[in-house]
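What follows is a short report on a single structure.
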Amino acid sequence: MSHPEMQIHHVLERYQSTVLAKDLEGFLRLYSDDIRIFDTWENWSHEGKDAWRRVAANWFSSLGEETVSVGLEQIQMTVGADLAIASALVTYTAFSPSRQALRSIQNRMSVALAKEGRDWLIVHEHTSVPIASGDMRAVTVKTV
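The numbering used here numbers the first residue of the sequence shown as 1 and each following residue consecutively.
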């Protein structure tokens, strides 16, 4: 694995650790100020870090004493000198304070990252789930 690929893996690991810790500021440091998010939930898109801050703050505060573990599988990436694309299957699992798994959902995630100074920052994130053509409902892969 090349050094830039290791740096992108480090960004993904920080995504996992900041979500688990509900570290809003650490989470937001992963993103460019000009981020554009196509999120699976609710809104069509979120434009800019301030909009994403409101979504993330609401998510983290809604968890109360629960925590969320982020599992990444089938990571693929293409890394250039100052632009990278990564995709993965992402499983979000909520845990009670006693570490009992409560629920989980699996999404597909693609991120575009740009080198800004010495850091790789997410400039675009797209999460999705497949939709069944018969009933137009989300296809769920994993549940607890």
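We put the beta carbon where it would ideally sit given N, CA and C, even for glycine.
Original post:
In chain order, what residues of the same chain have a beta carbon less than 8 angstroms from the beta carbon of V139, not counting five sequence neighbours either side?
Top reply: V129, P130, I131 and A132
Subject >> Backbone CA spacing between V123 and R36 [nearest angstrom] >> reply: 6 angstroms
Subject >> Cβ distance (whole Å) where A56 is taken to contact F27 below 8 angstroms >> reply: 6 angstroms
Original post:
Is it true that the segment 7 to 17 meets the segment 70 to 89, where meeting means three or more beta-carbon pairs spaced less than 8 angstroms apart?
Top reply: yes
Original post:
Would E125 be called buried (16 or more neighbouring beta carbons within 10 Å of its own) or exposed?
Top reply: buried
Original post:
Per DSSP, F38 forms a beta bridge with which residues?
Top reply: H126
Subject >> Anticipated Cβ contact below 8 angstroms, S32 with A114, distance rounded >> reply: 7 angstroms
Original post:
So T18 and N107 are in contact, right, with Cβ under 8 angstroms, and what is the actual spacing, rounded?
Top reply: The pair is not a contact, with the Cβ atoms about 17 angstroms apart (cut-off 8 angstroms).
Original post:
Rounded C-beta distance between V79 and Q16? I'm assuming under 8 angstroms.
Top reply: Wrong, their Cβ atoms sit about 19 angstroms apart, outside the cutoff.
Original post:
Is it true that the CB of T127 sits closer than 9 angstroms to the CB of F38?
Top reply: yes
**OP:** Look up L121 in the DSSP assignment and give the residues it is bridged to.
**Re:** A114
Subject >> For R14 and E25, the rounded distance between their alpha carbons >> reply: 12 angstroms
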